[in-house]
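Engineer: So the number in the numbering used here is just where the residue sits in the sequence shown, counting from 1, plus 143. Virtual Cβ for every residue (Gly too), placed ideally from N, Cα, C. Owing to the predicted nature of the structure, the values given are computational and were not obtained by experimental measurement.
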Amino acid sequence: MEAHKISIKLFVAKDDFAPAEFVPVFHRWIQEHALEDHMLIDVADYAHVAAGPGSLLVTHEANIHMDRSDNRLGLLYFRKTALPGTFADRLRQVAANTLKVAVLLEQEPALNGRLKFKTDELSIKLNDRLLAPNTPATFAVVRGDVQSLADDLYGKGKSTIEPAGSPATVFEVKVTAASSASAAELLAKVSPVTAG
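(1) Who are V318's beta bridge partners in DSSP?
(2) Assign S322 to one of two classes, buried (16 or more other C-beta atoms within 10 Å of its C-beta) or exposed (fewer than that).
(3) Given 8 angstroms as the limit, is there contact between the segment 211-225 and the segment 152-160, that is, 3 or more CB pairs closer than that?
(4) Going by DSSP, what residue range makes up the beta strand (DSSP E) through L199?
(5) Taking buried to mean at least 16 other C-beta atoms within 10 Å of its own C-beta, is T319 buried or exposed?
(6) For the putative contact between M209 and S198, defined by C-beta atoms under 8 angstroms, what is the C-beta separation to the nearest angstrom?
(7) Is the number of C-beta pairs between the segment 164-184 and the segment 259-268 that are closer than 8 angstroms three or more?
(8) In the DSSP assignment, find the unbroken beta strand (DSSP E) run with A187 in it and report its ends.
(9) Give every residue of the same chain whose Cβ lies closer than 6 angstroms to the Cβ of A347, excluding the five residues on either side of it in the sequence, and list them in chain order.
(10) Leaving aside the five residues before and after K148 along the sequence, list all residues of the same chain whose C-beta is less than 8 angstroms from its C-beta, in chain order.
(11) Measuring CB to CB, does A326 end up less than 8 angstroms from A245?
(12) Can you tell me which of the three DSSP states G256 falls into?
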């Protein structure tokens with residue numbers, strides 16, 4: 144699989160956040176260079192869009208959203224630039240980057256410890272309709288790599304993966320697990336790959 148525009152979404156355990164609450168956090172992250180392996184560029188607020196992209200931190204490498212698509216608040220990390228290695232390597236790096244941002248958000252002083260991610264559910268998308276159409280054939284190609292990542296995160300045989308969406312939407316796989324470890328615990332399981 145040659146696709147590199149991979150996104151992963153983690154959902155919040157409880158949504159009691161104001162629509163634009165993450166905007167000042169992201170602005171400060173730019174000022175402080177909070178993600179040392181990303182070039183942070185700008186912040187956009189889409190709070191006015193119902194079930195939309197939410198608050199967006201634009202970096203050269205990725206778009207990082209506190210996303211409200213499907214009326215479910217979550218952290219969406221969308222990789223824009225190519226990463227080296229196989230598809231499995233790229234998927235693992237995107238997972239590491241997503242979890243790294245999740246840990247930073249959970250530790251964010253401005254949020255007073257209110258933000259926790261439930262990690263027993265992931266949405267993985269390939270935002271490339273040419274290289275990865277939403278078809279059973281694409282699922283067959285990526286299934287082993289997605290299952291390998293899920294086994295690393297949750298333990299062998301402790302998660303399920305299922306295709307989602309339709310041929311009219313970008314390719315998506317839902318990963319569900321029996322238990323929800325902390326974002327930091329999951330990050331430790333994928334951190335041997337340098338996140339960049």
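Structural biologist: For this structure:
(1) Note: V318 sits in a beta bridge opposite L265, I304.
(2) Under this definition S322 is an exposed residue.
(3) Verdict: yes, contact present.
(4) First-last of the beta strand (DSSP E) with L199: 197-202.
(5) Exposed, since its Cβ has fewer than 16 Cβ neighbours within 10 Å.
(6) That pair is a contact at about 5 angstroms.
(7) Short answer: they don't touch.
(8) Note, A187: beta strand (DSSP E), 183-189.
(9) There is no way to answer for residue 347, as the model of the chain reaches only from 144 to 339.
(10) Here the set comprises F221, R222, K223, L269, N270, D271.
(11) Cβ atoms of A326 and A245: closer than 8 angstroms.
(12) G256 falls in the coil class under three-state DSSP.
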